[in-house]
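To keep things clear, I will list the structure first and then write my remarks on it.
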Amino acid sequence: DFSPEEHQFLQSLETYTQTSPERLLALIRAVEYAVKIKIPGAFVECGVWKGGSIMVVAYTLSRLGVRERDLFLYDTFEGMTEPTEIDVSHYGVAAAESYRRYREEKVDDAGLFEINIAPLEEVRKALEKTGYPQKHVHFVKGKVENTIPGTAPEQIALLRLDTDWYESTRYEMAHLFPRFSTGGVLIVDDYGEWRGSRQAIDEYINDNNIPLLMNRIDYTCRIAVKP
-15 DFSPEEHQFL QSLETYTQTS PERLLALIRA VEYAVKIKIP GAFVECGVWK GGSIMVVAYT
45 LSRLGVRERD LFLYDTFEGM TEPTEIDVSH YGVAAAESYR RYREEKVDDA GLFEINIAPL
105 EEVRKALEKT GYPQKHVHFV KGKVENTIPG TAPEQIALLR LDTDWYESTR YEMAHLFPRF
165 STGGVLIVDD YGEWRGSRQA IDEYINDNNI PLLMNRIDYT CRIAVKP
């Protein structure tokens, strides 16, 4: 159900994202939903890479005539943070061991670290191409554990989590999910790909008795609406 305009736009983003067309389309529909039923709050992404997904958000908001919503982009803008032993992929890749080899031997055989470095200014230039008002685009550089305190918006309409690892995902849920407006959309990019991401989400939901249905977009991405 891609429109010709959407198909053309998503094709133009191929160099800015590693996200599948199915996930990008789901993001478009989530933004449309949040605007249509007037969910209050900012649009927040943790784990930005080159900005493809947040470009989708900015593009969709602009197409709908919405240009005053705040966009928050949380990322180190220097590559992936250090994973822990919990962070093992669906295919059995141990991220901690891959990280050690990358740091000590400069070998990135899993393709997880070198490719994921995207400087902030590179992402800023990409966002400028959407024409979205830059005064409403907030770049927050550093580890989320250090940057979310004191910078998080009071209300969140949409939250997209894509930092892959257990520690960061658990922190994001603990400190950002309570700021969700009722009906807000949660998108978790790595729920099916990385066990740490899934464990962080499941623990938070279970520990807080939240009746949240994590609906499948594709093999890895899940989407839910805050009740």
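According to my numbering, the sequence shown is numbered sequentially starting from -15.
No residue lacks a Cβ here, since even glycine has one placed at the ideal position from N, Cα and C.
- Secondary structure at Gly63: coil, using DSSP grouped into helix, strand and coil.
- Within the same chain, Cβ atoms closer than 8 angstroms to the Cβ of Tyr175 are found at Ser181, Arg182, Ile185, Met198, Thr204, Cys205, Arg206, the five residues on either side in sequence being excluded.
- Secondary structure note for Val40: it is in no beta strand (DSSP E), and the uninterrupted alpha helix (DSSP H) holding it is 36 to 47.
- DSSP places Ser152 inside the alpha helix (DSSP H), whose first and last residues are 150 to 160.
- Note on Pro67: 16 or more other CB atoms within 10 angstroms of its CB, so buried under the neighbour-count rule.
- Contact between Tyr188 and Ile132 is absent: CB atoms are separated by about 15 angstroms, not below the 8 angstroms threshold.
- With a threshold of 16 other beta carbon atoms within 10 Å, Glu151 meets it and is buried.
- Judged by DSSP in its simplified three-state form, Asn190 adopts helix.
- By the criterion of at least three beta-carbon pairs nearer than 8 angstroms, the stretch 26 to 44 is not in contact with the stretch 66 to 80.
- Contact between the stretch 78 to 90 and the stretch 5 to 18 is not established, with fewer than three Cβ pairs separated by less than 8 angstroms.
- In the three-state scheme derived from DSSP, where H, G and I count as helix and E and B as strand, Ala136 is classed as coil.
- Straight through space, the alpha carbons of Cys30 and Tyr155 are spaced by roughly 11 angstroms.
- Secondary structure at Ile171: strand, using DSSP grouped into helix, strand and coil.
- When beta bridges are read from the DSSP output, Ala26 appears opposite Ile140.
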